[in-house]
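In the working numbering, the protein residues as written are 57 to 245.
For every residue, glycine included, the Cβ atom is placed at its ideal position computed from N, Cα and C.
Below you can see the structure in the form of structure tokens.
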């Protein structure tokens, strides 16, 4: 995976949190930097077996190989607190934008064909998946369904941080520090 060229695409947002020393990082971006399919942080100690958690949010923001954005930082902290040593991040949509209103309205422009494949690859490596995309517009429901179906087919247990008032899995930022994972029930159509 390649380091993104700076300023090729500006997803907005200015709050960047440097990764702690000793964290190995990687990411997969589209060539034009408008899309990010994968983000990885690994702090597994030498000689220790890694424990991997996959977080799935709404869409990527500013997190890259060297920095976390606020959402990824909070997920990273929860992952460490819960005993994981490797953090993977994917999103329902892979278009990079800090503000949801900046995401293209057309589903085909908001996600690439590579996105679902990348999520499936990461789910193969994870022992649990946390769905934390928050409220999403109805036009993106097919993308949510595709991701949930793909992860469920992998057989990896799915969790959430509770539900929003609209019934979506809660986003990581507004939850309390002592939040507990809740099993995410997926209904088969």
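Beta-bridge analysis with DSSP links residue 225 to 219. Taking 8 Å as the upper bound for CB-CB distance, residue 146 and residue 178 are in contact here, some 5 Å apart. Non-local beta-carbon contacts of residue 121 in its own chain, meaning distances under 7 Å to residues more than five positions away in sequence, involve 59, 81, 82, 83 in chain order. At a cut-off of 4 residues, the continuous stretches assigned as alpha helix (DSSP H) that sit fully inside the region 113-177 are 126-137, 163-166. The continuous alpha helix (DSSP H) containing residue 197 extends over residues 197-210.
Between residue 188 and residue 139, the C-beta gap is not smaller than 9 Å, which leaves the two residues out of contact. DSSP, read as helix, strand or coil, puts residue 82 in strand. Per the Cβ contact rule, the region 187-201 is in contact with the region 211-230 (3 or more Cβ pairs under 8 Å). According to DSSP, residue pairing for residue 96 in a beta bridge involves 82, 144. Nearest to residue 132 by alpha-carbon distance, out of 96, 148, 207, 200, is 96. The C-alpha of residue 186 is placed about 6 Å away from the C-alpha of residue 110. Taken atom to atom, the span from the alpha-carbon of residue 221 to that of residue 141 is near 32 Å. When the Cα atoms are used, residue 156 and residue 173 turn out to be separated by approximately 23 Å.
With a threshold of 16 other beta carbon atoms within 10 Å, residue 205 falls short and is exposed.
Ranked by Cα distance from residue 136, the first of 74, 106, 123, 219 is 106.
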